[in-house]
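Everything below concerns the one structure shown next.
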């Protein structure tokens, strides 16, 4: 196995070397563009990934390339304004094309939150296709990386996921706490595989005046970690939404990543959204917002984006449908029969 892995990695390095050589003219031209801006790039700034093409990495490179870029207080950019300057292409969800470079959605939308992976299905796809004039769309962009092979091929995946259909009236949902966990009678290795390392899904509904608020946090198992600013964190996807009870739609909807340190993670994951009310040691994590929608967001739109933001996690389907997806139920049934 070790030998196989070594050969596989060697093959990837050879492919990268070939692709970088193939796009050498574009790399040299991009170096000149940046040199004119007072930035000297070296070959070390360029990499090839099968999932995203020729990538140049440099701190805050997007602001250097797009000098009039407007970033709001949440670190988000108006997606509708971006579409006036950049071009969306078929099969390139998550990418916005310019003449000599391509902007990319934040890498926290990618599988396992990692920049070398593809975007997790299918949140980015739906966000890129959304054209509701009643909603102002905002997105987090990878500010330190751009793609430069503007005519390169997309990476297509057959892997997809489902969107939960939720028809209950929001105003009838009682305020309170919900916590969902994968089944406890199934071996951990299977949970890791079929539940995409989901540890729990925490939900909280609250009502104040005429607004009903929704919060959700998705905890992964302890193997899922990322490095941010040279510090190791446990990433937790977070959703917040505000439903206007009088008008019957969500007026605001946003998503973020909460970065839990080790102590915060183990303290919080087996608790719930009321943790800070129950404990003297309050947790206030580092956070980075990834998207937001303001305006008239329908319940179906909210459900679709919630389902795909928590990509590959059957627990959100269970919450909306009161059951797992059929293929998960079939797998669980076979595993339980085998263990009898």
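In the working numbering, the protein residues as written are 790 to 1129.
C-beta: ideal position from N, C-alpha, C; glycine also.
**Between the CA atoms of residue 882 and residue 1114 - distance to the nearest angstrom** = On the chain shown, position 325 is the one that residue 1114 refers to. On the chain shown, position 93 is the one that residue 882 refers to. C-alpha separation (whole angstroms): 25 angstroms.
**Prompt:** Quick one: what's got a C-beta closer than 8 angstroms to residue 987's C-beta in the same chain, skipping five residues either side?
**Reply:** Start at 1 with the first residue of the chain shown, and residue 987 comes out as number 198. Hits under 8 angstroms: 971, 980, 1007, 1008, 1009, 1010, 1102, 1103 and 1104.
**Prompt:** Are there 16 or more other CB atoms within 10 angstroms of the CB of residue 885, so buried, or fewer, so exposed?
**Reply:** In the chain shown, residue 885 corresponds to position 96, counting from 1. When all chains shown are included, residue 885 counts as buried.
**Request:** Taking all protein chains shown into account, decide if residue 804 is buried (16 or more other Cβ within 10 angstroms of its Cβ) or exposed.
**Result:** In the chain shown, the residue the question calls residue 804 occupies position 15. That one is exposed.
**Message:** Restricting to Cα atoms, I'd like to know which of 921, 847, 929 and 966 is closest to residue 913.
**Reply:** Mapped onto the chain shown, residue 913 falls at position 124. Looking at the Cα atoms, 929 is the closest of the given residues.
**Request:** Please classify residue 943: does DSSP put it in a helix, a strand, or coil?
**Result:** Start at 1 with the first residue of the chain shown, and residue 943 comes out as number 154. Of the three classes helix, strand and coil, the one that applies to residue 943 here is coil, per DSSP.
**Asked** alpha helix (DSSP H) containing residue 1090: first to last residue?
**Response** In the chain shown, counting from the first residue as 1, residue 1090 sits at position 301. Segment 1088-1098, the alpha helix (DSSP H) holding residue 1090.
**Message:** Taking 8 angstroms as the cut-off, does the segment 934-944 touch the segment 1020-1032 (at least 3 CB pairs, one atom from each stretch)?
**Reply:** no
**Asked** Run through DSSP, which three-state label would residue 1057 get?
**Response** Taking the chain shown and counting its residues from 1, one reaches residue 1057 at position 268. If DSSP states are grouped into helix, strand and coil, residue 1057 belongs with the helices.
**Item:** For residue 965, the residue or residues it bridges with in DSSP
**Value:** Numbered from its first residue, the chain shown carries residue 965 at position 176. DSSP, once it has assigned bridges, lists 994 as partnering residue 965.
**Request:** Measure the beta-carbon distance from residue 1015 to residue 1024 and round it to whole angstroms, keeping in mind my assumption that it falls under 8 angstroms.
**Result:** Here residue 1015 corresponds to residue number 226 of the chain shown, with the count starting at 1. Here residue 1024 corresponds to residue number 235 of the chain shown, with the count starting at 1. Between residue 1024 and residue 1015 the Cβ distance is about 5 angstroms, and since that is below 8 angstroms, they are a contact.
**Asked** What did DSSP end up calling residue 1040 once you bin it into helix, strand or coil?
**Response** Stepping through the chain shown from its first residue, residue 1040 is reached at position 251. If DSSP states are grouped into helix, strand and coil, residue 1040 belongs with the strands.
**Request:** Taking all protein chains shown into account, decide if residue 802 is buried (16 or more other Cβ within 10 angstroms of its Cβ) or exposed.
**Result:** Here residue 802 corresponds to residue number 13 of the chain shown, with the count starting at 1. When all chains shown are included, residue 802 counts as exposed.
**Prompt:** Hey, would you say residue 855 sits closer than 8 angstroms to residue 819, going by beta carbons?
**Reply:** The residue you call residue 855 lines up with position 66 of the chain shown. The residue you call residue 819 lines up with position 30 of the chain shown. In this structure, residue 819 does not lie closer than 8 angstroms to residue 855 by Cβ.
**Asked** What residues in its chain sit with their C-beta under 7 angstroms from that of residue 989, if we drop five residues either side in the sequence?
**Response** Here residue 989 refers to the residue found at position 200 when the chain shown is read from its first residue. Excluding sequence neighbours, residue 989 sits near 968, 969, 970, 1008 and 1058.
**Item:** DSSP three-state assignment for residue 903, whether helix, strand or coil
**Value:** As a first step, residue 903 is located in the chain shown; it is residue number 114 there, counting from the start. Three-state result, residue 903: coil.
**Asked** How close, in whole Å, do the beta carbons of residue 1081 and residue 1042 come, if the pair is a contact with beta carbons under 8 angstroms?
**Response** Translated into the one-based positions of the chain shown, residue 1081 becomes position 292. Translated into the one-based positions of the chain shown, residue 1042 becomes position 253. Their Cβ separation, rounded to whole angstroms, is 7 angstroms, which keeps residue 1081 and residue 1042 in contact under 8 angstroms.
**Message:** Using the three-state DSSP reduction, which class does residue 819 fall into: helix, strand or coil?
**Reply:** On the chain shown, residue 819 is found 30 positions in, with the first residue counted as 1. Helix at residue 819.
**Prompt:** At what residues does the beta strand (DSSP E) containing residue 852 begin and finish?
**Reply:** Stepping through the chain shown from its first residue, residue 852 is reached at position 63. In the DSSP assignment, residue 852 falls outside any beta strand (DSSP E) and within the unbroken alpha helix (DSSP H) covering 850-854.
**Prompt:** Leaving out the 5 sequence neighbours to the left and right, which residues in its chain are closer than 6 angstroms to residue 992 when beta-carbon positions are compared?
**Reply:** Mapped onto the chain shown, residue 992 falls at position 203. Excluding residues up to 5 positions away in sequence, 967 and 1005 lie with their Cβ nearer than 6 angstroms to the Cβ of residue 992 in the same chain.
**Request:** Flag this pair as yes or no: are the beta carbons of residue 1045 and residue 1001 separated by less than 8 angstroms?
**Result:** What you label residue 1045 is simply residue 256 of the chain shown in a count that begins at 1. What you label residue 1001 is simply residue 212 of the chain shown in a count that begins at 1. No.
**Prompt:** What three-state label does DSSP hand residue 958 in the structure shown?
**Reply:** The sequence position of residue 958 within the chain shown is 169, counting from 1. Looking at residue 958 - three-state DSSP - the assignment turns out to be coil, as it is neither helix nor strand.
**Asked** Can the beta-carbon of residue 822 be found less than 8 angstroms from the beta-carbon of residue 889?
**Response** Here the question's residue 822 lines up with position 33 in the chain shown. Here the question's residue 889 lines up with position 100 in the chain shown. Against a cut-off of 8 angstroms, the Cβ pair of residue 889 and residue 822 comes out as a contact.
**Item:** Assigned exposure category for residue 895 - 16 Cβ within 10 Å defines buried
**Value:** Translated into the one-based positions of the chain shown, residue 895 becomes position 106. Flag for residue 895 reads buried.
**Prompt:** Can you tell me whether DSSP reads residue 1106 as helix, strand or coil?
**Reply:** Sequence index remark: in the chain shown, residue 1106 carries index 317 (1-based). Of the three classes helix, strand and coil, the one that applies to residue 1106 here is helix, per DSSP.
**Neighbourhood of residue 1021 by C-beta distance below 6 angstroms, restricted to the same chain and skipping five residues each side** = Here residue 1021 is taken as the residue at index 232 of the chain shown, counted from 1. So the qualifying residues of the chain are 1014.
**Asked** Okay, do the segment 1088-1099 and the segment 908-925 touch, 3+ Cβ pairs below 8 angstroms being the bar?
**Response** yes
**Assigned exposure category for residue 832 - 16 Cβ within 10 Å defines buried** = The count along the chain shown starts at 1 and reaches residue 832 at position 43. Residue 832 comes out exposed.
**Asked** What distance in whole Å lies between the Cβ atoms of residue 847 and residue 860, which are believed to be in contact at a cut-off of 8 angstroms?
**Response** Stepping through the chain shown from its first residue, residue 860 is reached at position 71. Stepping through the chain shown from its first residue, residue 847 is reached at position 58. Residue 860 to residue 847, Cβ: 17 angstroms. No contact.
**Item:** Burial state of residue 938 (16 or more Cβ within 10 Å)
**Value:** As a working note, residue 938 is residue 149 in the chain shown. By the neighbour-count rule (16 or more Cβ atoms within 10 Å), residue 938 is buried.
**Request:** Under 8 angstroms by Cβ, that's how I've got residue 999 and residue 1034 pegged, so tell me the actual separation to the nearest angstrom.
**Result:** Taking the first residue of the chain shown as 1, we reach residue 999 at position 210. Taking the first residue of the chain shown as 1, we reach residue 1034 at position 245. About 5 angstroms; that satisfies the 8 angstroms criterion.
**Sequence-distant residues of the same chain with beta carbon closer than 7 angstroms to residue 1074, five excluded per side** = Taking the chain shown and counting its residues from 1, the one referred to as residue 1074 is at position 285. Contacts found: 1047, 1048, 1049 and 1053.
**Asked** Going by the beta-carbon positions, is the gap between residue 927 and residue 849 smaller than 8 angstroms?
**Response** In the chain shown, residue 927 corresponds to position 138, counting from 1. In the chain shown, residue 849 corresponds to position 60, counting from 1. Taking 8 angstroms as the cut-off, the Cβ atoms of residue 927 and residue 849 do not count as close.
**Prompt:** What's the gap between the Cα of residue 877 and the Cα of residue 870?
**Reply:** For the purposes of this step, residue 877 is taken as the residue at position 88 of the chain shown. For the purposes of this step, residue 870 is taken as the residue at position 81 of the chain shown. Computed Cα separation, rounded: 13 angstroms.
**Prompt:** For residue 907, does the count of other Cβ atoms within 10 angstroms reach 16, so buried, or fall short, so exposed?
**Reply:** Counted from its first residue, the chain shown places residue 907 at position 118. Burial call: buried.
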